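Data first, discussion second: the structure below is written as structure tokens.
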Amino acid sequence: MIGMDATALDNLREALRGPLVTPQDAEYDEIRSVYNAMIDRRPAAIARCTGTADVRTTIAFARQTGVEVAVRGGGHSGPGLCLIDGGLTLDLSPTRWVRVDPVNRTAQVGGGSLLGDLDHETHTFGLGVPAGINSTTGVGGLTLGGGHGHLTRKYGLTIDSLVAADVVLADGSVVTTTEKEHPDLLWALRGGGGNFGVVTSFTFRLHPVHTVGVAATVWPVEQTQDVLRWYREFLPAAPEDLNGFFAVMAVPPAPPFPEPLHGRKVCAVIWCYTGGLEGGRLDDVLSVVNDPAPPAFHFATPMPYPALQTMFDELVPKGLQWYWRGDFFDTVSDEAAAVHERFGRELPTGLSTMHLYPVDGAAHDAAPGETAWAYRDATWSGVIAGIDPDPANAGLIRQWCVDYWSALHPHSMGGAYVNFLGESGDTDSVRATYRDNYARLAAVKHTYDPDNFFHANQNIPPAA
Ligand SMILES: Cc1cc2nc3c(=O)[nH]c(=O)nc-3n(C[C@H](O)[C@H](O)[C@H](O)COP(=O)(O)OP(=O)(O)OC[C@H]3O[C@@H](n4cnc5c(N)ncnc54)[C@H](O)[C@@H]3O)c2cc1C
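335 is the number that the UniProt record's numbering gives to position 335 of the sequence shown; each next residue is one higher, with no gaps.
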């Protein structure tokens with residue numbers, strides 16, 4: 001090892017095509033900032049990689065100097081996995097590109113792209129990839145964790161559409177993985193997180209999606225238990241064209257919500273319908289929203305899919321305080337419904353929320369061991385997120401989240417979606433995430449990264 005002194009950094013700067021940013025640079029604070037403002041770490045350097053060559057150069061440099069490496073995709077992870085104090089961030093932000101092949105219905109996507117980049121390019125062909133609900137999220141971290149959102153019941157998890165990836169491994173070599181080449185690596189990338197290498201390009205199968213029916217139904221928070229008892233039966237039996245995630249939340253102070261409701265604590269379902277919209281079909285499908293209790297507000301409209309994908313972006317811009325925790329659920333027990341109502345009534349801030357994302361429908365088509373994602377028998381992936389702009393409220397939102405999670409966890413399946421693990425480095429939580437797939441993941445890790453070079457993630461240490 002040569003150590004990471006000024007000369008070594010100068011050599012790295014010269015070798016990279018993208019800029020190397022260090023604390024001496026004026027833009028350092030902006031570049032090191034991540035989505036969650038609760039995270040404030042100071043890497044020794046940030047290598048802004050424009051492509052595979054820069055990624056290989058950065059990995060070779062880290063190998064030579066012994067500096068710890070963290071990989072940044074969209075910078076959205078709750079625990080700030082892409083930053084290590086005193087480490088080197090391999091930043092894929094400049095690697096944002098999308099190439100659509102409309103004939104074969106595939107898209108190749110650069111490793112640092114955001115969901116909005118992908119939606120924008122595929123939408124022009126009336127195609128899309130099932131992914132998350134905010135356009136500012138990184139394709140990289142979301143995909144490697146699994147990826148769920150408005151199209152999950154119809155088209156499955158994001159990983160179910162992942163057909164190939166170009167990966168720079170820990171030894172600097174480059175492989176393309178498909179179901180035929182390095183199939184164990186593709187299996188692990190489908191849910192195993194950032195443990196196995198740097199993905200410089202993802203290839204997705206595309207699906208028809210253009211204009212979708214979007215609706216929001218809100219009920220008073222006092223109605224949470226009634227609504228949940230209805231929702232837990234209705235949604236799993238509904239056609240796969242209908243997705244609806246459940247939330248406890250405060251009504252956002254913005255249209256389409258009427259002013260008297262702004263800030264009111266409610267429970268809600270946000271719907272996305274991919275079936276035909278002609279002849280008032282959306283209203284027919286959603287006429288059931290009156291069944292559990294009269295809604296305080298119901299709004300439905302057709303919308304281009306990318307408009308739905310960007311709908312919540314302004315509500316949660318970069319720079320807020322976030323603390324989140326998750327769990328998978330196969331049902332919502334009466335006891336769990338009571339917990340949701342209690343903590344919904346005690347929402348600590350206007351942006352704090354709990355979401356239950358459906359992971360049934362087409363997401364159940366794959367068997368439990370078919371991909372690294374181990375909860376194909378779950379019906380919902382839940383997340384509790386304490387959110388607020390004011391750093392003075394960091395303790396308050398964290399405590400609400402921890403208390404809510406502690407009360408709810410006994411009614412869960414015992415593990416969480418890897419992208420909803422609030423903190424890093426907790427082996428028990430990571431094991432609970434991967435259940436029976438954990439041992440195989442550790443074996444694949446041993447094959448591709450025996451030294452645990454990529455450890456700034458929800459880590460799966462290599463099998464001995
Ligand atoms: C506002 C918001 C909304 C969200 N909504 C959803 C949702 O609807 N559905 C959902 O499934 N998840 C959702 N998430 C969770 C999201 O999937 C995770 O936060 C995910 O980690 C974000 O990925 P990223 O690339 O932006 O983050 P980063 O912090 O950049 O990366 C996260 C992890 O992935 C690794 N990584 C990223 N890119 C690569 C790459 N190209 N190669 C190798 N490793 C890589 C990093 O090293 C790190 O370990 C949401 C998060 C936020 C903040």
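Don't be surprised by glycine CBs; every beta carbon is placed ideally from N, CA and C.
Nothing here was measured: the structure is a model prediction, and the numbers come from that model.
Practice task
Taking all protein chains shown into account, decide if Thr-158 is buried (16 or more other Cβ within 10 angstroms of its Cβ) or exposed.
Solution key: Taking the sequence shown and counting its residues from 1, the one referred to as residue 158 is at position 158. By the neighbour-count rule (16 or more Cβ atoms within 10 Å), Thr-158 is buried.
Handout entry: Coarse secondary structure for Arg-229, derived from DSSP in three states
Key = As a first step, residue 229 is located in the sequence shown; it is residue number 229 there, counting from the start. Residue state, collapsed to three classes: helix.
Practice task
Please state if the CB of Gly-197 and the CB of Phe-454 are separated by a distance shorter than 8 angstroms.
Solution key: Indexing the sequence shown from 1 puts residue 454 at position 454. Indexing the sequence shown from 1 puts residue 197 at position 197. Result yes, Cβ atoms of Phe-454 and Gly-197 sit closer than 8 angstroms.
Exercise for the section: Using 10 angstroms around the beta-carbon of Gly-276, count the other beta-carbons present and answer buried if the total reaches 16, otherwise exposed. Expected result: Numbered from its first residue, the sequence shown carries residue 276 at position 276. Its Cβ having fewer than 16 others within 10 Å, Gly-276 is exposed.
Practice task
Please indicate yes or no: does the CB of Leu-315 lie closer than 7 angstroms to some heavy atom of ligand 1?
Solution key: Along the sequence shown, one-based indexing puts residue 315 at 315. Not under cutoff, so the answer is no.
Exercise for the section: Please confirm whether any heavy atom of ligand 1 lies closer than 7 angstroms to the CB of Tyr-28. Expected result: As a position in the sequence shown, residue 28 is number 28, starting the count at 1. No, ligand 1 has no heavy atom inside 7 angstroms of this Cβ.
Exercise for the section: Please name the residue in Ala-247, Val-214, Val-98, Gly-395 whose C-alpha comes closest to that of Thr-301. Expected result: As a working note, residue 301 is residue 301 in the sequence shown. With distances taken between CA atoms, Thr-301 lies nearest to Val-214 out of Ala-247, Val-214, Val-98, Gly-395.
Exercise for the section: Note down the Cα distance separating Gln-225 from Phe-328, rounded to an integer number of angstroms. Expected result: For this step, residue 225 is matched to residue 225 along the sequence shown. For this step, residue 328 is matched to residue 328 along the sequence shown. In this structure, the straight-line span from the alpha carbon of Gln-225 to that of Phe-328 is close to 19 angstroms.
Handout entry: Buried or exposed (CB count within 10 angstroms, at least 16 for buried), Asp-85
Key = To locate residue 85, count along the sequence shown from 1; it is residue 85. The residue is exposed, with fewer than 16 neighbouring Cβ atoms inside 10 Å.
Problem - Spatial distance of Thr-176 from Thr-371 (CA atoms) - result: Against the sequence shown, residue 176 aligns to sequence position 176. Against the sequence shown, residue 371 aligns to sequence position 371. Rounded to whole angstroms, Thr-176 to Thr-371 spans 18 angstroms at the Cα level.
Practice task
Put Lys-265 into one of helix, strand or coil per three-state DSSP.
Solution key: As a position in the sequence shown, residue 265 is number 265, starting the count at 1. Residue state, collapsed to three classes: strand.
Handout entry: Cβ pair Arg-153, Asp-360 closer than 8 angstroms
Key = As a working mapping, residue 153 is identified with position 153 in the sequence shown. As a working mapping, residue 360 is identified with position 360 in the sequence shown. Yes. Within cutoff.
Practice task
Using 10 angstroms around the beta-carbon of Pro-306, count the other beta-carbons present and answer buried if the total reaches 16, otherwise exposed.
Solution key: As a first step, residue 306 is located in the sequence shown; it is residue number 306 there, counting from the start. Buried is the call here.
Practice task
Helix, strand or coil for Ala-374, going by three-state DSSP, please let me know.
Solution key: To locate residue 374, count along the sequence shown from 1; it is residue 374. DSSP places Ala-374 in coil when its eight states are reduced to three.
Problem - Close-in-space but distant-in-sequence residues of the same chain around Ile-460 (CB under 6 angstroms, 5 per side omitted) - result: As a first step, residue 460 is located in the sequence shown; it is residue number 460 there, counting from the start. Closer than 6 angstroms at Cβ, skipping near neighbours: Asn-195, Leu-441, Ala-442, Lys-445.
Handout entry: Candidates Thr-447, Tyr-417, Arg-435, of which the one nearest Gly-141 by Cα
Key = Here the question's residue 141 lines up with position 141 in the sequence shown. Among Thr-447, Tyr-417, Arg-435, the Cα nearest to that of Gly-141 belongs to Tyr-417.
Exercise for the section: Report the three-state DSSP secondary structure of Leu-169 (helix, strand or coil). Expected result: Residue numbering aside, residue 169 sits at position 169 when the sequence shown is read from its first letter. Here DSSP, grouped into helix, strand and coil, assigns Leu-169 to coil.
Handout entry: Arg-398 versus Pro-348 - alpha carbon distance
Key = Taking the sequence shown and counting its residues from 1, one reaches residue 398 at position 398. Taking the sequence shown and counting its residues from 1, one reaches residue 348 at position 348. Answer to the nearest angstrom: the Cα atoms are 10 angstroms apart.
Practice task
Classify residue 484 as buried or exposed, calling it buried when 16 or more other Cβ atoms lie within 10 Å of its own Cβ.
Solution key: Since the first and last residues shown for the chain are 1 and 464, residue 484 lies out of range.
Problem - Local Cβ density within 10 Å of Gly-66, reported as buried at 16 or more and exposed below that - result: By 1-based counting over the sequence shown, the position of residue 66 is 66. With fewer than 16 other Cβ atoms within 10 Å, it is exposed.
Handout entry: beta-carbon Thr-50 near ligand 1 non-hydrogen atom, thresh 7 angstroms
Key = Locating residue 50 in the sequence shown gives position 50, where the first residue counts as 1. No, the Cβ of Thr-50 stays beyond 7 angstroms of every heavy atom of ligand 1.
Exercise for the section: Have a look at the DSSP bridge pairing and note the partners of Gly-128. Expected result: To locate residue 128, count along the sequence shown from 1; it is residue 128. According to DSSP, which records beta bridges pairwise, Gly-128 is partnered with His-207.
Exercise for the section: Taking only heavy atoms of ligand 1 into account, decide whether any of them is closer than 7 angstroms to the Cβ of Ser-77. Expected result: In the sequence shown, residue 77 corresponds to position 77, counting from 1. Answer for Ser-77: yes, Cβ within range of ligand 1.
Practice task
Give the DSSP-derived three-state secondary structure of Pro-304 in the structure shown.
Solution key: Position 304 of the sequence shown, counting from 1, holds the residue named residue 304. DSSP places Pro-304 in strand when its eight states are reduced to three.
Problem - beta-carbon Ala-366 near ligand 1 non-hydrogen atom, thresh 7 angstroms - result: On the sequence shown, residue 366 is found 366 positions in, with the first residue counted as 1. Flag unset: Cβ of Ala-366 not near ligand 1.
Exercise for the section: For the stretch 20–108, list the beta strand (DSSP E) runs that are entirely contained and at least 3 residues long, ordered along the chain. Expected result: 45–48, 69–72, 88–91, 98–101
Exercise for the section: Check whether the stretch 123–132 touches the stretch 399–418, counting contact only when three or more Cβ pairs, one atom from each stretch, lie closer than 8 angstroms. Expected result: no
Problem - DSSP state of Tyr-155 mapped onto helix, strand, coil - result: Stepping through the sequence shown from its first residue, residue 155 is reached at position 155. Reduced to three states, the DSSP call for Tyr-155 is helix.
Exercise for the section: Select from Phe-343, Gly-415, Val-221 the residue whose C-alpha is nearest the C-alpha of Trp-373. Expected result: Position 373 of the sequence shown holds residue 373. Checked all of Phe-343, Gly-415, Val-221; the closest Cα to Trp-373 is Gly-415.
Exercise for the section: Please confirm whether Trp-271 and Phe-420 have their CB atoms less than 8 angstroms apart. Expected result: Along the sequence shown, read from residue 1 onward, the residue named residue 271 stands at position 271. Along the sequence shown, read from residue 1 onward, the residue named residue 420 stands at position 420. Cβ distance not < 8 angstroms, so Trp-271 and Phe-420 don't count as in contact.
Exercise for the section: Confirm the yes/no value for this check: CB of Asn-243, any heavy atom of ligand 1, distance under 7 angstroms. Expected result: Counting from one through the sequence shown, the residue named residue 243 turns up at place 243. Checking every heavy atom of ligand 1 against the Cβ of Asn-243, none is found closer than 7 angstroms.
Handout entry: Integer-rounded CB distance, given that Val-139 should sit under 8 angstroms from Thr-203
Key = Along the sequence shown, read from residue 1 onward, the residue named residue 203 stands at position 203. Along the sequence shown, read from residue 1 onward, the residue named residue 139 stands at position 139. Not confirmed; about 12 angstroms, so no contact.
Practice task
Decide yes or no for the touch test of the stretch 17–29 against the stretch 44–53: beta carbon pairs closer than 8 angstroms, at least 3 of them.
Solution key: Two segments are said to touch when three or more pairs of C-beta atoms, one from each, lie closer than 8 angstroms; by this definition the stretch 17–29 touches the stretch 44–53.
Practice task
Within its chain, find whatever has a CB closer than 7 angstroms to the CB of Leu-286; leave out the 5 residues flanking it on each side and keep chain order.
Solution key: For the purposes of this step, residue 286 is taken as residue 286 along the sequence shown, with counting starting at 1. Within the same chain, Leu-286 has close Cβ partners Ala-215, Trp-271, Ala-300.
Exercise for the section: Verify the contact flag: Cys-82, CB atom, against every heavy atom of ligand 1, threshold strictly below 7 angstroms. Expected result: For the purposes of this step, residue 82 is taken as the residue at position 82 of the sequence shown. For ligand 1, at least one heavy atom lies less than 7 angstroms from the Cβ of Cys-82.
Exercise for the section: Please indicate yes or no: does the CB of Arg-72 lie closer than 7 angstroms to some heavy atom of ligand 1? Expected result: For the purposes of this step, residue 72 is taken as the residue at position 72 of the sequence shown. Arg-72: yes, Cβ under 7 angstroms from ligand 1.
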